[in-house]
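Worksheet: the structure to be examined is printed underneath.
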Amino acid sequence: MDSYHSATYQSHNVVLPERMNAPTESAAQHQAPNPGEIKVSHLARRIHGWSWQAFPIGMGTGAVYVTLSGLKEHANTLTHVETFFYFLNMALFLLNVTTLAIQMIVYPTQALRLVKDPVKGIFVPLVVLSFATIIIGTIKYAVPSGHVGPGFIYALFWVYVAFAIIVCFPMLMVWFNQPHDLRTFTPAWAFLMLVGVVAFNVLDVVPAREERAVGVLLTGYVFQGLGFFVTFFYICIYLIRIMTTGFLEGHQANGAFVAVGPPGFTALALMKLGENAAEILPLHGLVSEQAGQIWYATSVMSGLMLFGLAVFLFVFGVLPYWFKVHKHLSEILGCWALTFPNVGWISTIRVLGDVFKLKGFYVWHLAMAVLMCAVWLVLFALTAYAFVKGKIFLARREEVLQDALERKLLVLHRDRSPRHSESGSEAYNKEAQGQV
0 MDSYHSATYQ SHNVVLPERM NAPTESAAQH QAPNPGEIKV SHLARRIHGW
50 SWQAFPIGMG TGAVYVTLSG LKEHANTLTH VETFFYFLNM ALFLLNVTTL
100 AIQMIVYPTQ ALRLVKDPVK GIFVPLVVLS FATIIIGTIK YAVPSGHVGP
150 GFIYALFWVY VAFAIIVCFP MLMVWFNQPH DLRTFTPAWA FLMLVGVVAF
200 NVLDVVPARE ERAVGVLLTG YVFQGLGFFV TFFYICIYLI RIMTTGFLEG
250 HQANGAFVAV GPPGFTALAL MKLGENAAEI LPLHGLVSEQ AGQIWYATSV
300 MSGLMLFGLA VFLFVFGVLP YWFKVHKHLS EILGCWALTF PNVGWISTIR
350 VLGDVFKLKG FYVWHLAMAV LMCAVWLVLF ALTAYAFVKG KIFLARREEV
400 LQDALERKLL VLHRDRSPRH SESGSEAYNK EAQGQV
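Each residue of the sequence shown is one higher than the one before, starting from 0 at the first, in numbering that gives the first Met the number 0.
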């Protein structure tokens, strides 16, 4: 009897067959590795970690050849050096645009996050300013050699104007769609689009007798005035911020030099556009020659006053800089503000030397050009070292995995049609009813 019950019990103690295609516990553990064991390529981390803050590197490179091209004593060897920096700037621009485009395709969540970020999003318009340095370099080095004609430069000018409008106005909508604290304000929130600066460079190759020159001249005045007055309001807020919280500290200390850009570049644009206006407007019968000279004299006077404001803001940013800025390689990208924003008032020094025929301006301009090159060398070396050490442009592995997973889930959600979901649900219900 006991043996019978034992046999009966053992007959029910069997292993049921597994459901078809259902993994066992050991297989499930093998197929679902620990997230810590998932490998992420170094290239993926670089692409994910790239940001719009990379464009100041190219702008700083452009600042070198723009400053050197204005030297009074200009040798052929110096032109070769400037050409090298010009091609380096284009290479950096293409690298940044390509990497950010790949990031937008592979990691769209990260790309959108960068645009909406209250800190990193303000660097989006720098792609326009970086493009402006390339246009200026093309005018200075490609047109004289005959590789590019004035017609192409004229078309490129209008492309730049459209590019600036398309990029900047949507970013203004994004930026003003949320409140900002005055205590965290920085001049880096206001970047001046250099339409006026690009305009007077274009007028160097477009003949003054052509009607196209009038359009370029007026457009340069309109957009330079628009950009300057808007950024001037930002400078006023910047001074109020300093009165409230004291000098800018940390990475924001670099933003103090961004405030130098609007008055410096506007002074340069007014004086150069005024020089062109004195020639273009009388040729087309729009003003008399005497009125053209008055126009030019007014431009020089206005530019001289703005030049004084730019120099003051520069000194105002230099004096506390070393004691306020953080000496961390992870914040080296912000230090590139030492280069390009200062090009405006430095180039104005050379123009003032031509206007007033004073040798002291030429010596001053030469000293600042040498200092600009020295700053570029130091910043480029530190940036390269920070890049190699992974301090910049390198995302964490967890961030890459999270965005990659979200993208895959989004793709699966889109691919799953309602009809497929309904049929799957009906089949499951029938199977459940049969088993019940």
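The beta-carbon is built from N, C-alpha and C at its ideal position, and this holds for glycine as well. Since we're looking at a predicted model, the values are computed, not measured.
Taking the alpha carbon of A189 as the reference point, which residue from P117, K71, F379 and V204 has its own alpha carbon closest? One-based indexing of the sequence shown puts residue 189 at position 190. Ranking P117, K71, F379 and V204 by Cα distance to A189 puts P117 first.
C-beta atoms of R44 and L332 nearer than 7 Å: Numbered from 1 along the sequence shown, position 45 holds the residue referred to as residue 44. Numbered from 1 along the sequence shown, position 333 holds the residue referred to as residue 332. No, the Cβ-Cβ distance between R44 and L332 is not below 7 Å.
Check whether the stretch 186-201 and the stretch 256-265 touch, using three or more Cβ-Cβ pairs below 8 Å as the test. Under the 8 Å Cβ criterion, the stretch 186-201 counts as touching the stretch 256-265, having at least three qualifying pairs.
Between which two residues does the alpha helix (DSSP H) harbouring M192 extend? As a first step, residue 192 must be located in the sequence shown, where it is residue number 193. Element bounds for M192: n/a, residue is neither H nor E.
Suppose the cutoff is 6 Å on Cβ atoms and the five residues either side in sequence are ignored; what does the same chain contact list for L87 look like? Numbered from 1 along the sequence shown, position 88 holds the residue referred to as residue 87. T60, listed in sequence order.
Neighbourhood of R415 by C-beta distance below 7 Å, restricted to the same chain and skipping five residues each side: Taking the first residue of the sequence shown as position 1, residue 415 is located at position 416. If we look at R415 and ignore the five residues flanking it on each side, it has no Cβ neighbours.
Taking G57 as the reference, give the member of F122, A74 and K38 with the closest Cα. For the purposes of this step, residue 57 is taken as residue 58 along the sequence shown, with counting starting at 1. Closest by C-alpha distance to G57, out of F122, A74 and K38, is F122.
Does the distance from the CB of I348 to the CB of T66 come in under 7 Å? Taking the first residue of the sequence shown as 1, we reach residue 348 at position 349. Taking the first residue of the sequence shown as 1, we reach residue 66 at position 67. No, they are not a contact pair.
Cβ-based neighbour list, K334, same chain, cut-off 7 Å, excluding 5 preceding and 5 following: Here residue 334 is taken as the residue at index 335 of the sequence shown, counted from 1. Here the sequence assigns Cys to residue 334, which means Lys is not the residue at that position. Here the set comprises N253 and L378.
Return yes when the Cβ of I134 is within less than 7 Å of the Cβ of Y159, no when it is not. Position 160 of the sequence shown, counting from 1, holds the residue named residue 159. Position 135 of the sequence shown, counting from 1, holds the residue named residue 134. For Y159 and I134, yes; Cβs fall inside 7 Å.
Residue environment, Y384, which counts as buried when at least 16 other CB atoms sit within 10 Å: Position 385 of the sequence shown holds residue 384. Classification of Y384: exposed, given that the 10 Å Cβ count is below 16.
Expressed to the nearest angstrom, what Euclidean distance is found between the alpha-carbon atoms of F84 and A380? Locating residue 84 in the sequence shown gives position 85, where the first residue counts as 1. Locating residue 380 in the sequence shown gives position 381, where the first residue counts as 1. Between the C-alpha atoms of F84 and A380 there is a straight-line separation of about 15 Å.
At which residues does the alpha helix (DSSP H) containing P107 begin and terminate? Along the sequence shown, read from residue 1 onward, the residue named residue 107 stands at position 108. Per DSSP, P107 belongs to the alpha helix (DSSP H) from P107 to K115.
Write down the C-beta distance between Q292 and A277 rounded to the nearest angstrom, noting that I regard them as a contact closer than 8 Å. In the sequence shown, residue 292 corresponds to position 293, counting from 1. In the sequence shown, residue 277 corresponds to position 278, counting from 1. Distance from Q292 to A277 at the Cβ level is roughly 6 Å; contact confirmed, criterion being Cβ atoms closer than 8 Å.
State the DSSP-derived secondary structure class of P319, mapped to helix, strand or coil. Against the sequence shown, residue 319 aligns to sequence position 320. Here DSSP, grouped into helix, strand and coil, assigns P319 to coil.
Out of F231, L280, E248 and A255, point me to the one whose CA is closest to L305's CA. As a working note, residue 305 is residue 306 in the sequence shown. Of the candidates F231, L280, E248 and A255, the residue whose Cα lies closest to the Cα of L305 is F231.
Beta-carbon spacing of L216, F264 below 7 Å: In the sequence shown, the residue the question calls residue 216 occupies position 217. In the sequence shown, the residue the question calls residue 264 occupies position 265. No Cβ-Cβ contact shorter than 7 Å links L216 with F264.
Are the CB atoms of P149 and V196 within a distance shorter than 7 Å? Here residue 196 corresponds to residue number 197 of the sequence shown, with the count starting at 1. Here residue 149 corresponds to residue number 150 of the sequence shown, with the count starting at 1. For the 7 Å CB-CB criterion, V196 and P149 do not form a contact.
What does the alpha-carbon distance come out to for the pair A100 and L365? Looking up residue 100 in the sequence shown gives position 101. Looking up residue 365 in the sequence shown gives position 366. Taking the straight line joining both Cα atoms gives about 39 Å.
Cut-off 6 Å between Cβ atoms - residues of its own chain near F339, not counting five sequence neighbours on either side: In the sequence shown, residue 339 corresponds to position 340, counting from 1. Here the set comprises M58, G59 and A62.
In its own chain, which residues sit with a C-beta less than 6 Å from the C-beta of F227, not counting the 5 before and 5 after it? The residue labelled residue 227 in the question sits at position 228 within the sequence shown. Annotation for F227: P261 and T265 place their beta carbon closer than 6 Å to its own, counting only its chain and skipping 5 residues before and after.
For my contact list, C167 and P124 are in at a C-beta cut-off of 8 Å; report their separation, rounded to the angstrom. As a position in the sequence shown, residue 167 is number 168, starting the count at 1. As a position in the sequence shown, residue 124 is number 125, starting the count at 1. Indeed, because the Cβ distance is near 5 Å, the residues count as touching under 8 Å.
CA-to-CA distance, G343 to Q177, given in whole angstroms: On the sequence shown, residue 177 is found 178 positions in, with the first residue counted as 1. On the sequence shown, residue 343 is found 344 positions in, with the first residue counted as 1. Each residue's alpha carbon lies about 32 Å from the other.
Can you tell which of M242, F92, Y233 and F360 has its C-alpha closest to the C-alpha of S129? By 1-based counting over the sequence shown, the position of residue 129 is 130. For the options M242, F92, Y233 and F360, the alpha carbon positioned closest to that of S129 is the one of F92.
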